[in-house]
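There are 6 protein chains.
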Amino acid sequence: MSQTFRPSGRTPDALRPVVINRHFTKHAEGSVLIEFGDTRVICTASIEDKVPGFLKGKGKGWMTAEYGMLPRSTHTRMDRESAKGKQSGRTQEIQRLIGRSLRAAFDLDCFGERTLHIDCDVIQADGGTRTAAITGAMVAAHDAFSKLLGRGVISQIPLKHFVAAISVGVYHGVPVLDLDYLEDSTCDTDMNVVMTEAGDFIEVQGTAEGAAFDRAALNGLLDLAGEGIADLIALQKQVLGLSLS
Amino acid sequence: MSQTFRPSGRTPDALRPVVINRHFTKHAEGSVLIEFGDTRVICTASIEDKVPGFLKGKGKGWMTAEYGMLPRSTHTRMDRESAKGKQSGRTQEIQRLIGRSLRAAFDLDCFGERTLHIDCDVIQADGGTRTAAITGAMVAAHDAFSKLLGRGVISQIPLKHFVAAISVGVYHGVPVLDLDYLEDSTCDTDMNVVMTEAGDFIEVQGTAEGAAFDRAALNGLLDLAGEGIADLIALQKQVLGLSLS
Amino acid sequence: MSQTFRPSGRTPDALRPVVINRHFTKHAEGSVLIEFGDTRVICTASIEDKVPGFLKGKGKGWMTAEYGMLPRSTHTRMDRESAKGKQSGRTQEIQRLIGRSLRAAFDLDCFGERTLHIDCDVIQADGGTRTAAITGAMVAAHDAFSKLLGRGVISQIPLKHFVAAISVGVYHGVPVLDLDYLEDSTCDTDMNVVMTEAGDFIEVQGTAEGAAFDRAALNGLLDLAGEGIADLIALQKQVLGLSLS
Amino acid sequence: MSQTFRPSGRTPDALRPVVINRHFTKHAEGSVLIEFGDTRVICTASIEDKVPGFLKGKGKGWMTAEYGMLPRSTHTRMDRESAKGKQSGRTQEIQRLIGRSLRAAFDLDCFGERTLHIDCDVIQADGGTRTAAITGAMVAAHDAFSKLLGRGVISQIPLKHFVAAISVGVYHGVPVLDLDYLEDSTCDTDMNVVMTEAGDFIEVQGTAEGAAFDRAALNGLLDLAGEGIADLIALQKQVLGLSLS
Amino acid sequence: MSQTFRPSGRTPDALRPVVINRHFTKHAEGSVLIEFGDTRVICTASIEDKVPGFLKGKGKGWMTAEYGMLPRSTHTRMDRESAKGKQSGRTQEIQRLIGRSLRAAFDLDCFGERTLHIDCDVIQADGGTRTAAITGAMVAAHDAFSKLLGRGVISQIPLKHFVAAISVGVYHGVPVLDLDYLEDSTCDTDMNVVMTEAGDFIEVQGTAEGAAFDRAALNGLLDLAGEGIADLIALQKQVLGLSLS
Amino acid sequence: MSQTFRPSGRTPDALRPVVINRHFTKHAEGSVLIEFGDTRVICTASIEDKVPGFLKGKGKGWMTAEYGMLPRSTHTRMDRESAKGKQSGRTQEIQRLIGRSLRAAFDLDCFGERTLHIDCDVIQADGGTRTAAITGAMVAAHDAFSKLLGRGVISQIPLKHFVAAISVGVYHGVPVLDLDYLEDSTCDTDMNVVMTEAGDFIEVQGTAEGAAFDRAALNGLLDLAGEGIADLIALQKQVLGLSLS
């Protein structure tokens, strides 16, 4: 099959162009506009000097995430969730995933009784919004902790390891990396993977949209994901001015 | 009083730098990022081929608006309205104002049984979000109607007149144009004005935050607003490539 | 144009008969039934010995307002807001306006850490419910403070100035005072004005329902409003047994 | 025990003064202000020319009721249910009771596919609001059907029998009729009874607030209720100008 | 009339087979599966070591109840109340009834500042779910207090008297005990009765579904209810291993 | 490591005792009580003769799932979701997973425009409620389709393949099958796997609760899951009286 079977002309193992734009808005302690091709997500990190009730007095911090899509970030306008009066199951599922992923990247014991609020708001959607959100939120959170470090509130950034996320899927029978909307809406299998810079897994979420997939397909997808995530973490470090090792 | 009594150093009759960025996102029929200084609002216009129930079968169109702020568009993070399960009174008041203003700009009888949905989402707030929203939505709506015109759905843009909006207020005793957040949070009187290109009023909403204001003060504020709105409408036409007359 | 062009036969500058009935219900510290013609609103003022969280410990008081309409106060029965599970945007807009107006009439620094709750419930609607509500709530609040004074809780009524409210509009091309429902539903411009006894403005909210209005029309409307409000404040003082000066 | 053991000085078998004020508001097809002493309830009946989905096409009518209390109808201000976003269990229980009682009074087969909406809004509460509501709603509904009769829509009022409601209870060991708030809040047993003009039961709802009550007490209470309801139905007929037989 | 006029073939004064299954689930302090024929309800009693705000510091306990039906406990699947976002009026009415009944059975002054939460969840419905719930909850609550007694937290079970509940109704003109669904959906009068072991009333709730009922019918129903409740209380005591006197 | 390092004494690759009880309630077309040790879930399948709006007129069927926990199914009583007015993110995530899993098991093209509603209600929780729910729902759905087959509505059960689900995790460094609550609350990695009878994947959802996990650990877990699911599917077929091939 020619390399141009993907609607975008990408090879199966190619990411879309990824851009990470720091300091996108001025109020948040960390603010990133991340683009995975035409998918654009604003990720902000806000520090609050208190923790939820279940953590009070334990000397630990907390990180939590919320996710939203602007009504016309999509092909057809969606109803605004605040007007409907509730968040969809999909929204809640995604924000729980983002929260777990970020809590795995940082050491909650090392920044006092503070909450880091992650807000990921999709302004343009073309597939992969949750993986872009996690990848961008990692940088926004790092910036927020840098700000705390700069204020002398903490003595070092409470980093356990960098994390990033990418989608993989079986499209027309071929495992491909970083599905865009056209691929996502017709692929057989869709998997979102969150990994550390060491190549270990934080989350693996694979779903057979059509036919069930076998162990070999799963292995092929995980291989692709590992390569993509390594590239994303290299980019995160580069935009933060950190050495890549 | 020196011209630098305003925190920004602006003269009393000076607008902040205004930037109108068309085609900001790709899915919406009209999409504008408008900036009044540090206030940045995404305004999209989406066309739906049906009208609300109360207009069905009447051959008329409808325009409606929704407004939101990203949680960290402000100095301190606000709760997300979709998570709280309802929109605040302020949000509803603003989206009703935007809707009325836009319905005054276009002729609802001339684009069939269609609804134009305006979405104004504040990504960074520094005062004047509702006036920026109206001013940007005017351009986004014009772009959306141009798209309908290009598709041959309508034979001309159903424009009655351009509208724009600006805030004015009494700050330290002096009437000033286009209040930013620092001014807005301490001024005595705050007024939002929506006007047409002919200099007529669509909306006048003035509130005494502290001392009541007299007729002379009101007149001074309306004069300032008129000048600011004339400049904004000139800019709207310029970015749309229209003649200014 | 003959004086009978108004459906009610009123002259353009005539208020409807206004009746202010104090002590309408027995539990509230202040309770007023106010009638602007066929518009009838129950306004109660309730004193609570605490303030909202954002004011705790600051030694200041607070005033807030809620507004509702009985389902069959209108020509056609409306859905009950408690059954729908939320208040409409219109309801919230009106109760915010009433609250701001009353907070401008009294000195929040002078009655301790207490909240005055204003409840305005429309039992019959014929246009102008929000202006009747503000005008009646002024009297109810005054009565409530008198009760606090009588109990020795405060040493004087924390009055800054009397306020009242009236609507004005352009009806068949003529500026008219105090629109009833028939006028309100067909007029071109609708303006609600809240003023002090000194003739200064607390709120000016004008909307072009149809054609935009020019500066001259605005001035004509504000003149009419000033006359009407002077009469309303004279009546408020009279029913309270206060001298008119 | 002297006859003055009741706080109001009433004898055990005495109703409070009952006033039924027809045509209280002008828009509703039926509108009654009913007073049981200091308890005052506005009862309106509104006719809608359609029925709920489960009755469509069956040629039958429907009657339904809603109930509310103004926030300061009570000694201490209650939160507004529309602001809280839901109706309490007590509110729902009462409006279901009112609806069942009225549906027992009229023949749903005889007024076409129409809904009669009953709205009972308490403007002042002093015990017995639900029984006043039912008794007043009976008159409001009769007035609404009279209006349909006058318009020639129906050929006779679809009356099965008059109904009215009263509370009875054991207060300081003595069965008493028509409890006011002081009695209601301290009595041992509280019973609400809805009966027809023939003396038959529509609803009997008795609750032991303190000690359980025996069969003899129950019988004493039902005797009292029967007498009170006969008086209320006589008054309903009198204010409607109907013969009492 | 032959004894088989009831769909189940029961005589008018016959209960359905009643089974009370203690220790049905393992986490709750008291857990009962009760069956009235095909009606099956799980009743659990959970102890919480605090009381609602209105009781704090008063040294008293509280009991409260919630009720739910599994979506397919009924002939036709009902919408899930958590998915609809609110409990129906019927649900709230029933849980208030269960709560009042249980609070009448135990002495709230004798188990410290604790709350006993009763949860009654219907897994299969065939009429009489609320009466089965009350009857089962009595046993679950007794078990929960036994657990507190066993832990030495209280010195005796705070029992005032056993209570049980049963429905009675007029079916095809005959008073019958313990209505099942087929009877309940077509009977003329439906009454739920809660009584103590001494034969006194806690609650009497009778409703004329069709024709109003007279005093003689009421008396016949209460006689039947008394017999049924005596049997139920005997069974409660037997399954708890208590003497019947 | 001895085989008793698991709190239950199970070997790492041992399922808990699994019991599948068909025909548990009488109204539902399919009704199963499934037990994974102390985890007990009622799974019902209800057939409705219509499809959601997005499928109308397409000749296809739909399957959807809802999930709930009784308030005292857990160690500590949880708030009832219907009383809170919304479903948690966890609830929504689980019901979406159940729905996707069941839609993968049956052919939606082969049972007409009908919806199969799956309801999974946990009456006792001890870990693994979602996997028990999926495994039990498979049987309930099969029973519901058998009923349709028996009625002649469909000509064969629209089965694509049996599916079952199990959890696996790394507990004290050892991969173990079918985590109970004690293991689940302390394990490092938690994975839920849904597979077909052919050993292919429908869903893989793995989360690093503590340390990230590497590829080898993932492979070990998937091996274990495959064995467990084969046993579960054998049991599903056995209770349905089907041959195991």
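Same order as they appear, the protein sequences are chains H, S, W, V, A and X. Under the working numbering, think of the first position of the first sequence as 1, with each following residue one higher. Under the working numbering, think of the first position of the second sequence as 1001, with each following residue one higher. Under the working numbering, think of the first position of the third sequence as 2001, with each following residue one higher. Under the working numbering, think of the first position of the fourth sequence as 3001, with each following residue one higher. Under the working numbering, think of the first position of the fifth sequence as 4001, with each following residue one higher. Under the working numbering, think of the first position of the sixth sequence as 5001, with each following residue one higher. Beta carbons: idealized from backbone N, C-alpha and C, even for Gly.
Quick one: using the 10 Å Cβ neighbour count with 16 as the cut-off for buried, is residue i buried or exposed?
{"i": "A3216 of chain V", "result": "exposed"}
{"i": "A225 of chain H", "result": "buried"}
{"i": "G2053 of chain W", "result": "exposed"}
{"i": "A141 of chain H", "result": "buried"}
{"i": "L5244 of chain X", "result": "exposed"}
{"i": "S4002 of chain A", "result": "Summary for S4002 of chain A: the model assigns pLDDT 49, below 50, so the residue's position carries little reliability, and this model does not support an answer."}
{"i": "R3151 of chain V", "result": "exposed"}
{"i": "D3180 of chain V", "result": "buried"}
Would you mind working out which of the options sits nearest residue i, comparing C-alpha positions?
{"i": "S4008 of chain A", "options": "A:D4184, A:R4040 and A:D4223", "result": "A:D4184"}
{"i": "A5045 of chain X", "options": "X:A5083, X:D5109, X:I5229 and X:H5117", "result": "X:H5117"}
{"i": "F2111 of chain W", "options": "W:H2172, W:A2014 and W:K2160", "result": "W:K2160"}
{"i": "E48 of chain H", "options": "H:L55, H:I42, H:W62 and H:F36", "result": "H:W62"}
{"i": "Q3095 of chain V", "options": "V:I3134, V:L3177, V:G3206 and V:L3149", "result": "V:I3134"}
{"i": "N5192 of chain X", "options": "X:D5178, X:I5157 and X:L5015", "result": "X:D5178"}
{"i": "L4240 of chain A", "options": "A:R4130, A:R4022 and A:T4115", "result": "A:R4022"}
{"i": "G5136 of chain X", "options": "X:D5013, X:F5213 and X:C5043", "result": "X:C5043"}
{"i": "F4024 of chain A", "options": "X:D5119, X:Q5124, X:A5104 and X:L5148", "result": "X:Q5124"}
What's the C-alpha gap between residue i and residue j?
{"i": "K58 of chain H", "j": "E113 of chain H", "result": "8 Å"}
{"i": "P3175 of chain V", "j": "G3210 of chain V", "result": "14 Å"}
{"i": "H101 of chain H", "j": "E66 of chain H", "result": "Checking the displayed sequence, the identity of residue 101 of chain H turns out to be Ser instead of His. Straight-line Cα distance between these residues: approximately 13 Å."}
{"i": "R1090 of chain S", "j": "D79 of chain H", "result": "20 Å"}
{"i": "L3070 of chain V", "j": "R5040 of chain X", "result": "47 Å"}
{"i": "F3162 of chain V", "j": "A3230 of chain V", "result": "10 Å"}
{"i": "V1139 of chain S", "j": "A2164 of chain W", "result": "39 Å"}
{"i": "T2074 of chain W", "j": "G68 of chain H", "result": "39 Å"}
{"i": "L3218 of chain V", "j": "Q4092 of chain A", "result": "26 Å"}
{"i": "K3056 of chain V", "j": "S3031 of chain V", "result": "27 Å"}
Determine the DSSP secondary structure at residue i, reduced to helix, strand or coil.
{"i": "S3002 of chain V", "result": "Any reading at S3002 of chain V needs caution, since the residue's pLDDT is 49, under 50, leaving its predicted position unreliable; the model's value is listed next. S3002 of chain V: coil per DSSP, three-state reduction."}
{"i": "L15 of chain H", "result": "coil"}
{"i": "L2033 of chain W", "result": "strand"}
{"i": "S46 of chain H", "result": "strand"}
{"i": "S167 of chain H", "result": "strand"}
{"i": "E2066 of chain W", "result": "strand"}
{"i": "C110 of chain H", "result": "helix"}
{"i": "F4201 of chain A", "result": "strand"}
{"i": "I1094 of chain S", "result": "helix"}
{"i": "L1177 of chain S", "result": "strand"}
{"i": "R4130 of chain A", "result": "helix"}
Leaving out the 5 sequence neighbours to the left and right, which residues in its chain are closer than 6 Å to residue i when beta-carbon positions are compared?
{"i": "L5242 of chain X", "result": "none"}
{"i": "L3182 of chain V", "result": "P3007"}
{"i": "L1108 of chain S", "result": "K1060 and G1061"}
Quick one: residues in its chain with C-beta nearer than 8 Å to the C-beta of residue i, no 5 flanking neighbours on either side, listed in chain order?
{"i": "L3235 of chain V", "result": "V3018 and I3020"}
What residues in its chain sit with their C-beta under 7 Å from that of residue i, if we drop five residues either side in the sequence?
{"i": "H2172 of chain W", "result": "F2005"}
{"i": "D2126 of chain W", "result": "G2037, D2038, T2039, D2180 and Y2181"}
Proximal residues, the segment 4077–4088 of chain A versus chain D, C-beta separation under 7 Å:
The question asks about chain D, but that chain is absent: this structure's protein chains are H, S, W, V, A and X.
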